[in-house]
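These notes are about the structure you will find just below.
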Amino acid sequence: MAILSGFMKMPCNNRETFLEKIRARTTPDKARFISDSDHSFSLSMLNVVNRLYKGPTEYSGRNVMIRTHGQFATALAALALDGVARRILLCPADIPDAQIPRLMQDGEAELILTDADIDVKIGIAIEVDIVALPRFDTEWVLFTSGTSGLPKLVLHSFASLTGPLGDGLSPDQPVWGTFYDIRRYGGLQILLRALTGAGSMVLSRTDEKIHDFITRLGNMGVTHISGTPSHWRRVLMSGVAEKMNPSYIRLSGEMAGQDILDCLHSAYPQAKIGHAYASTEAGVAFSVDDGQAGFPQSVPNAVAPRPNIRIVDGTLRVRSSAMASRYLGATAPTLVDADGYVDTGDIVEQRGDRYIFIGRREGVVNVGGLKVHPEEVEATINLHPAVAMSRVWGQPSPITGALIAADVVLTPKIDGIERDFSDIRQQIIAACRTALAPHKVPVRLIEVSEIPVMTSGKIERHHA
1 MAILSGFMKM PCNNRETFLE KIRARTTPDK ARFISDSDHS FSLSMLNVVN
51 RLYKGPTEYS GRNVMIRTHG QFATALAALA LDGVARRILL CPADIPDAQI
101 PRLMQDGEAE LILTDADIDV KIGIAIEVDI VALPRFDTEW VLFTSGTSGL
151 PKLVLHSFAS LTGPLGDGLS PDQPVWGTFY DIRRYGGLQI LLRALTGAGS
201 MVLSRTDEKI HDFITRLGNM GVTHISGTPS HWRRVLMSGV AEKMNPSYIR
251 LSGEMAGQDI LDCLHSAYPQ AKIGHAYAST EAGVAFSVDD GQAGFPQSVP
301 NAVAPRPNIR IVDGTLRVRS SAMASRYLGA TAPTLVDADG YVDTGDIVEQ
351 RGDRYIFIGR REGVVNVGGL KVHPEEVEAT INLHPAVAMS RVWGQPSPIT
401 GALIAADVVL TPKIDGIERD FSDIRQQIIA ACRTALAPHK VPVRLIEVSE
451 IPVMTSGKIE RHHA
């Protein structure tokens, strides 16, 4: 690949790298680890990674894409390159090979670091002459988690990524876990919390079954853990939820309905449970820890230094120091509006003294000219005690264009007692008729054994 030009490579010596933060906060009496069970990163490895700061390297001042099979290799490589590379592109493992050339072009990547011969590429076991390398304020490029098509490339800085970490959620020697991939925004935030806050972290392995990961999280004493509501529904359906005993649970990435918050409180009564609003573009905007769905009316009225929140035409908009600076690529859209706000595309509705998330602007089902947000209907269906998870979609109709249908996963049987889905179906429909407008009531409910969840942790949607 030809080396791209047209940008400046300006050294910056003013800020502490992630690796330096780890070294400064790690002492013999505070052991730390980053582990996926096959590998374990510890203080003794810092000197190995640190060699990139001591010798000539092909990565100095370059734009580097990291694309590895497992998360552990990505974490190690990112630590080594921060402050050395001009820009790091964190490529999730599920990105198709065919999309890589275009994404490298959009992100101006000059080199790609892969699992092939990775020990050499990140400087392990290489003796080098000690020279002074320029320090760069490395840019971080994250991929959006869209449901289809080419993901957008989102440019973050050290400051925007670490800004949300000063929210007071920094207990003594926590053991972090996450169901997110660390190559996505939600997972990277947890990795950075562990690395910069004297904590440790348990990573999932590629293709690891959720019940195996939960068991391992429990065995390694996880105290703080995050995931999407869909992740947590799968935890509660796994049959091994009791294997771990966290003291803090955070949900983000999807709308956190009252049902999942209540179920988690029941399953983990000792844990503090919160849900955060965050996206790759907007960063972490706010978090809510009162056990209620949605967020208080006071949040949009918060003053600096908290993020600025606006509700415009029912859509949540965010402006803060934690948001990304721009999209990358020749045809990339503008990230912010004229006032500097990110239009999140999330629809909210004020109910009493709270705002409730209704759904995504682009995910509506059109029923005879009336809009239906699948998430709003799912929130009602999921309140049924026998429902573990649901997915609402548009069933094609020659008259109205679409009708509302839903896939439903039931909770595990209690004492092996069979349940009649026809009775449950009627109960769900009755509840929907009470809570929703007529055009939002499902005309078809289908019992399924599982609902696909993407690697981003979000429900895989299909539309009419």
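Just so we're aligned: the sequence shown equals residues 1 to 464 in the working numbering.
The beta carbon of each residue, even a glycine, is placed where N, CA and C say it ideally should be.
Since the model is a prediction, treat every value here as computed from it, not as a measurement.
DSSP-derived helix/strand/coil call for residue i
i, result
"Pro396", "strand"
"Ile100", "helix"
"Lys371", "strand"
"Gly61", "coil"
"Asp423", "helix"
"Glu242", "helix"
"Glu376", "helix"
"His224", "strand"
"Ser247", "coil"
"Gly149", "coil"
"Leu165", "helix"
"Ile459", "strand"
"Phe286", "strand"
"Ile309", "strand"
"Leu335", "coil"
"Val387", "strand"
"Val155", "As written in the sequence, residue 155 is Leu, which differs from the Val given in the question. Strand, per DSSP."
Residue i, enclosing alpha helix (DSSP H) - first and last residue
i, result
"His211", "210 to 219"
"Ala77", "71 to 81"
"Ala256", "First-last for Ala256: undefined, no H or E at that position."
"Tyr185", "185 to 196"
"His231", "229 to 237"
Whether residue i touches residue j by CB criterion (8 Å)
i, j, result
"Arg361", "Tyr341", "no"
"Pro412", "Met237", "yes"
"Ser226", "Glu254", "no"
"Ile404", "Lys440", "yes"
"Ser422", "Gly163", "no"
"Gln350", "Ala293", "no"
"Thr68", "Thr138", "no"
"Thr206", "Ala93", "yes"
"Thr344", "Val365", "no"
"Ala330", "Pro307", "no"
"Val154", "Ala324", "yes"
"Trp232", "Leu203", "no"
"Gly177", "Leu217", "yes"
"Ala278", "Tyr248", "no"
Rounded separation between residue i and residue j - CA only
i, j, result
"His275", "Thr228", "9 Å"
"Gly186", "Gly166", "16 Å"
"Ile273", "Ser60", "42 Å"
"Ile459", "Met220", "28 Å"
"Glu127", "Phe158", "Bear in mind that a pLDDT of 29 at Glu127, under 50, signals an unreliable position, so the model cannot answer this."
"Val240", "Arg183", "26 Å"
"Arg354", "Leu89", "38 Å"
"Ala406", "Arg444", "6 Å"
"Asp262", "Val408", "19 Å"
"Val222", "Leu410", "28 Å"
"Leu142", "Leu316", "22 Å"
"His384", "Ile428", "7 Å"
"Ala386", "Glu447", "12 Å"
"Arg62", "Ala282", "26 Å"
"Met454", "Cys91", "16 Å"
"Thr74", "Phe18", "14 Å"
"Arg135", "Ala379", "49 Å"
"Cys432", "Ile112", "51 Å"
"Leu191", "Met201", "7 Å"
"Ser266", "Val288", "18 Å"
"Gly199", "Lys152", "31 Å"
"Ile260", "Ile381", "12 Å"
"Gln71", "Phe179", "12 Å"
"Lys371", "Gly401", "11 Å"
"Phe295", "Ile356", "7 Å"
"Arg193", "Gly368", "47 Å"
For residue i, the first and last residue of its enclosing beta strand (DSSP E)
i, result
"Gln292", "First-last for Gln292: undefined, no H or E at that position."
"Tyr355", "354 to 360"
"Phe143", "139 to 143"
"Gln350", "342 to 351"
"Leu111", "111 to 114"
"Ala159", "Looking at the DSSP string, Ala159 is not in any beta strand (DSSP E); the run it does join, the alpha helix (DSSP H), is 158 to 162."
"Gly401", "401 to 410"
"Ser279", "272 to 279"
"Thr178", "175 to 178"
"Leu445", "444 to 447"
"Tyr327", "326 to 328"
"Thr315", "315 to 319"
Any non-hydrogen atom of the ligand PLP within 7 Å of residue i CB
i, result
"Ile459", "As presented, the structure is devoid of all ligands, the ligand PLP included, so that no description of it is given."
Per the contact definition of three or more C-beta pairs closer than 8 Å, is the segment 328 to 339 in contact with the segment 385 to 396? no
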